[in-house]
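First the structure, in the form of structure tokens, and then the observations on it.
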Amino acid sequence: MKCVVSSWPHIKDGVTSKEIMLAVVIALLPATAFGIWAFGLNALLIVITSICSAVATEFVAFKLMGKKFVMDGSAVVTGLLLALTLPPSLPLWTVVVGAVVAVGIGKCAFGGLGYNIFNPALVGRAFLALSWPVLMTSWVAPGTLTTSATPLTGASVSNTDLFLGNVAGSLGEISKLALLIGGLFLIAMKYIDWKVPLCYIGTVGLLSFALGYDPVFNMLVGGLFLGAFFMATDYTTTPITKNGKVIFAVGAGALVVAIRAFGGLPEGVAYSILIMNAFTPLIERVTRPRVYGTGKKVIGK
Amino acid sequence: MFWSQRFRGGVHPPHSKVTSDKKIEKASLPKIAVFPICQHVGAPCDPLVNVGDQVKAGQKIADSKAVVSAPIHSSISGKVVEISPRLTPACAEVSSIIIESDGKDEWVETSGLDLEKASKEDILAKIRECGITGMGGAAFPTHVKLNPPKDKKVEVLIINGVECEPFITEGHRLMLEEGEKILGGVRAAAKVLGVQRVVIAIEDNKPDAIENMKKLAGAEFEVVALKTKYPQGDERHLIKAILDREVPAGGLPFDVGTVVLNVETAKAIHDALSKGLPLVERVVTVTGDVKDPKNLLVRIGTPFTQLIEECGGPVGEIRKLVCGGPMMGVAQPGDASVVKGSTCVLVFNETRVKEDEEKPCIRCGRCADACPMSLLPVTLSKLVERRKFEMCSDYNIMSCDECGCCSYVCPSKIPLVDRIRQGKVAVRKLKK
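If you're matching them up, the sequences are chains U and R in order. Per this note's numbering, the first sequence starts with residue 300, numbered consecutively. Per this note's numbering, the second sequence starts with residue 40, numbered consecutively.
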């Protein structure tokens, strides 16, 4: 009898980190497919380039750090998310730069999965936006691929078109319906907390209304849905406490409206999340749940 | 009332209660029985017998003068062959009295109490003399539990028939087969504590037990069906679920006016008071990868391997031998013997024992959601790794009940509860 001695529990819930990453990729497929359908071959190449560069960067970075490279799917998620935030006409070399910065500086420089402070895909996107502002703001209309303004830069579209994705915009951000389907899937699988997208998008709506803007337009426009369902819910860079998640989402929502209303940029989702990422440790500290048997409620009735 | 019957967090592991329809069977007498002199929470006993002595079943073989302790009785008749340290199922090395059976099963004479006339002190003395301890796992001496300090007013007695651990069904079977005896013990305990309200708590995955106990209890006691969720059987969460009260950190249930007794303990109280039977046998669920899983009525001191043989032997090779359930049971390095707190012998073969490779934490927060104490397991685990034990204390590490929900849900397979236990040991040292 050769018995294995290990600490309890002796059974485990089957879910692994890899499965969660896979679920996120699956959840992003409707938006990705819609983007490729709308913008054609270059969109497909951007997605492939971004994912491959992200994985390759992680592989090289781990080799340089002397760590064992494990294909856990997180680099795939980062690569895919980055691709979805990019203009569909972007040259591929820019995509490579973005992915290398996202994974190399955004993630591996901090120690890899679980240690990064800022959302890696958004770090990559922010880097590209600062380095090549013209390329990063050149938009094409879906289908025709002719140069077009986006709703945020003056094009007038109906809210229905905004919701369904019949607008110019980033590769994976145009169809809110496709993003919603993926987001609801993650909520149904209990991989993300429904309160985060609700509070994030809800705050944007409420504050837009309060400031006299069209709330529906502001909720549907730009990268808000992608950010709310897939980036403000990122595990590593957002608080782990329940209340912390809500504070994060409300804060990010307020920042989006502030940037759109008072800032020099038409869109604010990426920066709102990056700024809130910096507050994550602080939010987590002040939202520690009250431990059973401590504090006010000890004696009860 | 129903909306409040819940506690925070918890997990839903597969029930795996394959033996819930199996009637309790008597296991055969052990040839050699092992009795650690400390099977309970509290002071160890001193042996009352020497090597070579003849003993009868039910004879007291070890006792202590300490208040928080419980005497040990031989479960078989035979000869004391050795007194030496052995590993208990809790993996502690404890001096143990080893008795070789003479196969006759001769008993000492015992007598019960007349409950109508007996005083509270008589009843407590009898319970102590019979060595009754909690039989749900921790084995806290029952006479101490039923005698709370004078300044603590106990209003509610909760009878714990929750059995939230997967696989275990011994409490379930007892509620079906020995319900009257359980209620007998409950009546005595209620009398000693002077409580008016008694709640018998059972999880709703045992509808037949709920029905049976409701029928037997009638209007005398409340029987409450609780929504199944692990670790509801932990008294802190059971109290929260039923009374919506929280036991203060470092406190005990009577700090919030309640006492929690396991169903099998109640039955043992009944046996002690009605017949003077000391605690020398208990029901153990023998399950997992054995050919014919059973609920066995087992003499204390019986080796686990004998019980596995009584169930037709293992299926495949025994790779893990657990005393208790799969969530909080202790993996044994080798064979051990049944003690008062052994609820279950769980066998896992090679198909179920997998080495999980630890992956980096992705901060998903599932451990924090699952923790019924509202701790942040991942934060504690990281603090322990960095040896920041004072901060562990600030983060209430000592409140951890070690239920294992955090390790159970972790997608990166980090042994969180293990780390936290190491941290608790270090914090305890720090405080000394």
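Backbone N, C-alpha and C fix where the C-beta goes; we use that ideal spot for every residue, glycine too.
Which term fits residue i, buried or exposed, when burial requires 16 or more other beta carbons within 10 angstroms of its beta carbon?
i	result
R:Val302	buried
R:Glu274	buried
U:Ile325	exposed
R:Gln371	buried
U:Met435	buried
U:Val323	buried
R:Gln345	buried
U:Thr621	An answer regarding residue 621 of chain U cannot be provided, because it is not within the stretch 300 to 600 covered by chain U.
R:Asn89	exposed
R:Val323	buried
R:Arg321	buried
R:Leu469	exposed
U:Leu564	exposed
R:Val106	exposed
R:Cys130	exposed
What is the residue span of the beta strand (DSSP E) that residue i lies within?
i	result
R:Lys65	63 to 65
R:Phe387	383 to 388
R:Ala101	99 to 102
R:Arg358	357 to 362
R:Arg321	320 to 327
R:Ile436	Premise fails: R:Ile436 is in no beta strand (DSSP E) and is neither H nor E.
R:Ile198	195 to 200
My output table needs one value for residue i: the three-state DSSP class, helix, strand or coil.
i	result
U:Pro514	helix
U:Val503	helix
R:Lys470	helix
R:Glu242	strand
R:Val392	coil
R:Gln93	strand
R:Ile138	strand
R:Trp146	strand
R:Thr172	strand
U:Asn542	helix
U:Thr452	helix
U:Val597	Confidence at U:Val597 is low in this model, with a pLDDT of 48, below 50, so the placement of that residue is unreliable and no value is reported for it.
U:His309	coil
R:Glu155	coil
R:Tyr447	helix
Tell me the residue span of the alpha helix (DSSP H) that contains residue i.
i	result
U:Ala577	568 to 585
U:Phe358	340 to 364
U:Phe484	475 to 487
R:Ser432	428 to 433
U:Asn458	458 to 463
R:Leu336	Where R:Leu336 is concerned, there is no enclosing alpha helix (DSSP H), although the beta strand (DSSP E) it sits in stretches over 333 to 338.
U:Gly397	391 to 399
R:Gly117	Per DSSP, R:Gly117 belongs to no alpha helix (DSSP H); it is in the beta strand (DSSP E), 117 to 126.
R:Glu216	209 to 216
U:Val376	373 to 383
Check whether the Cβ atoms of residue i and residue j sit closer than 8 Å, and answer yes or no.
i	j	result
R:Ala311	R:Ile171	yes
U:Gly397	U:Gly372	no
R:Val263	R:Val238	yes
U:Thr586	U:Ile558	no
R:Ile71	R:Pro86	no
R:Val147	R:Gly117	no
R:Cys203	R:Pro124	no
U:Ala330	U:Gly471	yes
R:Thr267	R:Glu242	yes
U:Ala353	U:Gly334	no
R:Cys362	R:Ala375	yes
Compute the minimum distance between the beta carbon of residue i and the heavy atoms of the ligand COA, and state whether it is under 7 Å.
i	result
U:Ala330	Absence of the ligand COA is noted for the structure shown, with no ligands found whatsoever.
Excluding the 5 residues preceding and the 5 following residue i in the sequence, name in chain order all residues of the same chain whose CB lies nearer than 7 Å to its CB.
i	result
U:Trp431	Thr393
U:Gly413	Thr535
R:Gly296	Lys192, Val193, Glu194, Val195
R:Val50	Tyr269, Ala409, Cys444, Tyr447, Val448
U:Ala342	Gly334, Ile335, Pro387, Leu470
R:Ser313	Gly151, Gly223
If I measure Cβ to Cβ from residue i and keep anything under 6 Å in the same chain, skipping five residues before and after, which residues do I get?
i	result
U:Ala551	Tyr499, Ala531, Ser571, Ile572, Met575
U:Tyr490	Ile319, Ala322
Can you name, in chain order, every residue of its own chain whose Cβ lies under 8 Å from the Cβ of residue i, other than the five neighbours on each side?
i	result
R:Lys245	Ser59, Gly200, Glu202, His211, Met214
R:Tyr434	Leu414, Leu415, Thr418, Leu419, Leu422
R:Arg236	Glu194, Val195, Leu196, Glu261
R:Pro205	Pro52, Pro53, His54, Ser55, Lys56, Tyr269, Gly364, Pro365, Met366
U:Pro588	Thr540, Lys541, Asn542
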